[in-house]
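One structure is given below, encoded as structure tokens.
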Amino acid sequence: MPETAPTIDGGGHPHGSPPATTPETGPTGSGTATPPAAPGPASLALVGTHGHGTSHLGHVRSLARAGAVRLAAVVDPHPLATPAEVAEGAARGQRLASADDVPEGTVWHPDLAGLLAAGAPDVVILCTPIDTHAPLATAALEAGCDVLLEKPPTASLAELEQLVATQERTGRTVQVGFQTYGSHAVARVREIVASGEIGTVTGVGGVGTWVRPDTYWTRARWAGRRTLDGRAVVDGVVTNPLAHAVATALLLAGASRAQDVAHVELDLAHANPIEADDTSSVRVTTTDGLRVALGLTLCAAVQTPPHLVVHGTAGRVVLHYTRDVLEVTGPGGTRTETCARDDLLENLLAHRADPAVPLHAPLVATGAFMRVLDAVRAAPDPVAIDAAHVDDVTDEQGRHLVVRGVEELCTQVAETLRTFGELGAPWTRSAGTAGGAA
Ligand SMILES: NC(=O)c1ccc[n+]([C@@H]2O[C@H](COP(=O)([O-])OP(=O)(O)OC[C@H]3O[C@@H](n4cnc5c(N)ncnc54)[C@H](O)[C@@H]3O)[C@@H](O)[C@H]2O)c1
Numbered sequence: 137m138p139e140t141a142p143t144i145d146g147g148g149h150p151h152g153s154p155p156a157t158t159p160e161t162g163p164t165g166s167g168t169a170t171p172p173a174a175p176g177p178a179s180l181a182l183v184g185t186h187g188h189g190t191s192h193l194g195h196v197r198s199l200a201r202a203g204a205v206r207l208a209a210v211v212d213p214h215p216l217a218t219p220a221e222v223a224e225g226a227a228r229g230q231r232l233a234s235a236d237d238v239p240e241g242t243v244w245h246p247d248l249a250g251l252l253a254a255g256a257p258d259v260v261i262l263c264t265p266i267d268t269h270a271p272l273a274t275a276a277l278e279a280g281c282d283v284l285l286e287k288p289p290t291a292s293l294a295e296l297e298q299l300v301a302t303q304e305r306t307g308r309t310v311q312v313g314f315q316t317y318g319s320h321a322v323a324r325v326r327e328i329v330a331s332g333e334i335g336t337v338t339g340v341g342g343v344g345t346w347v348r349p350d351t352y353w354t355r356a357r358w359a360g361r362r363t364l365d366g367r368a369v370v371d372g373v374v375t376n377p378l379a380h381a382v383a384t385a386l387l388l389a390g391a392s393r394a395q396d397v398a399h400v401e402l403d404l405a406h407a408n409p410i411e412a413d414d415t416s417s418v419r420v421t422t423t424d425g426l427r428v429a430l431g432l433t434l435c436a437a438v439q440t441p442p443h444l445v446v447h448g449t450a451g452r453v454v455l456h457y458t459r460d461v462l463e464v465t466g467p468g469g470t471r472t473e474t475c476a477r478d479d480l481l482e483n484l485l486a487h488r489a490d491p492a493v494p495l496h497a498p499l500v501a502t503g504a505f506m507r508v509l510d511a512v513r514a515a516p517d518p519v520a521i522d523a524a525h526v527d528d529v530t531d532e533q534g535r536h537l538v539v540r541g542v543e544e545l546c547t548q549v550a551e552t553l554r555t556f557g558e559l560g561a562p563w564t565r566s567a568g569t570a571g572g573a574a
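Residues in the sequence shown are numbered consecutively from 137, following this note's numbering.
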């Protein structure tokens, strides 16, 4: 990236570009309505450029080409990589961004403080390790930015509550990167349930059987950690890679806020040599008394798309949430529906331009998921699965560990709403957390 690149907009507006329509652009004291200023493209910075940040860069570039945003800066302690470093990183399981991934003239800052000192952009995308989310989001909000914050939003429920308070005090907006919150499939499932087609809902199940090679766990210091440098990280299968399954299952059960969760039961285990869990069952009882149970692993023999099941007395709806596809089985048979999805960054931009546009994934709507994360954080260390149950496999996905029979167990959790322990998984030690809303 050229050293001579212009810095972000240092113009009159503290957020780097003219404000979108806000209450300040409404009627004036003279009684004449001031037309809203024509909104220019929002200035945007990506914090955490490598790893999943590379996906954000691709999307931001296409929005920039469409004139919706202007990528003002990227922030990462590691500068943009050379093409040779990108190739070397790929061999180590790392996705590195290079200068080819950003528009000419994009400024690089090694830390968020440097960016904010140079001039806060309208929006920051935070795509950094979990333990950094709360401090970085707080700093961005205090500087007047709106935030697209990757999931999980924070490393504890207490941090979430503090961040909600900061967001309310600053009057800024935080959208959490749970993509399925933008899926029309969730509302469609609610419609189908309300129509009575599947009878009375008896529970929600979920299956996630993924493969993660050993390079996934060695790609970053925080990978697979429960804590790092004395701070919670909570990077396990329930709270990070398959967090979407948990959060979406809770949404389908009508639980989004922390107070919607009554009880969390966990069987946390790991086959990989990590602190956190890679093979877990989680069962949540909502305050409505509905049970939500998921069998989740990163130690499957082959990677399969995750799915959720809404069980009814007269049928079921299966949601393939990565594809927004529904399979609806009722008295009339089975049919498939494919739903649309709203992009979360575009939704955040639309909400900035017109606050009447509802935000899909506000912080408070992740409270139910965060009750689960907090239970995982506070639970005893996961059980180490005995090597007798584990195969060490090397194939086209790299070297990875396979827990024998785990796919069937995960399916049984979703179908029967029983935990790994209740299903007799040989390694389990159930850890329950009682309680009402925190
Ligand atoms: N929504 C999704 O589907 C999805 C998918 C993958 C990852 N994620 C989330 O994205 C986030 C990042 O995950 P990852 O796998 O890309 O992690 P990673 O460790 O591979 O990459 C994180 C990047 O952040 C940088 N970084 C670390 N500390 C920083 C700081 N203080 N300021 C600026 N940059 C910093 C690192 O140098 C690195 O480039 C996590 O919250 C993860 O859960 C979301």
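Heads up, the beta-carbon is just placed ideally off N, CA and C, and yes, glycines get one too.
Take the alpha-carbon of E333 and the one of Q303: they are about 40 Å apart. DSSP places A227 inside the alpha helix (DSSP H), whose first and last residues are P219 to A227. Annotated as proximal: L386 and V420, with beta-carbon spacing under 8 Å.
Going by C-alpha positions, D237 is about 25 Å away from A486. Placement of the Cβ of T185 at a distance of less than 7 Å from at least one heavy atom of ligand 1 is found. In the structure shown, the three-state DSSP call for S319 is strand. With respect to L296, A275 sits apart: the two C-beta atoms are not nearer than 8 Å. In this structure, T423 sits near A398, with a CB-CB distance shorter than 8 Å. Between L509 and A497, the CB-CB gap reaches or exceeds 8 Å. For R305, the secondary structure class from DSSP, reduced to helix, strand or coil, is helix.
CA-to-CA, the gap between L559 and V183 works out to about 43 Å. Looking from the CA of G229, the closest CA among G255, G344 and T351 belongs to T351.
The segment 323 to 339 makes no contact with the segment 487 to 496; the number of CB pairs closer than 8 Å stays below 3.
For C281, the CB stays at least 7 Å from every heavy atom of ligand 1. A direct Cα-Cα distance of roughly 8 Å separates L455 from V446. Residue side-chain check: H188 places its Cβ nearer than 7 Å to a non-hydrogen atom of ligand 1. Per the C-alpha coordinates, the member of W563, A181 and A514 positioned closest to A208 is A181. The beta carbon of S417 is closer than 6 Å to those of D403, G431, V549, T555 and F556 in its chain, skipping five residues each way along the sequence. In terms of CA proximity to G469, A450 leads the group R201, E401, P349 and A450.
In the DSSP assignment, R419 forms a beta bridge with E401 and A429. Under the Cβ criterion (8 Å, minimum of three pairs), the segment 216 to 227 does not count as touching the segment 276 to 290.
By the C-beta criterion, the segment 507 to 526 is judged to be in contact with the segment 366 to 374, since at least 3 inter-stretch pairs fall below 8 Å. Between ligand 1 and N483, a heavy atom-to-CB distance of less than 7 Å is absent. Assigned with DSSP and collapsed to three states, G250 falls in helix. Contact annotation: C435 and D460 have beta-carbon atoms that are not nearer than 8 Å. Cβ contact annotation for P213 (same chain, cutoff 6 Å, sequence separation greater than five): P246, in chain order. Taking 8 Å as the cut-off, the beta carbon of R362 is found closer than this to the beta carbon of E411.
H245: member of the beta strand (DSSP E) spanning V243 to H245, first to last residue. Residues R231 of the same chain have their beta carbon placed closer than 6 Å to that of G187, with the five preceding and five following residues left out of the count.
Bounds of the beta strand (DSSP E) holding Q311 are V310 to V312. For N408, the Cβ stays outside the 7 Å cut-off from all heavy atoms of ligand 1. If you ignore the 5 residues before and after V500, its C-beta comes within less than 7 Å of the C-beta of V300 and R393, all in its own chain and listed in chain order. The C-beta distance from W563 to A405 rounds to 5 Å, short enough to meet the 8 Å contact threshold. In the DSSP assignment, C435 forms a beta bridge with V347. In the three-state reduction of the DSSP assignment, E463 falls in the strand class, which pools E and B. For the set P516, D528 and R507, the Cα lying nearest the Cα of T290 is the one of R507.
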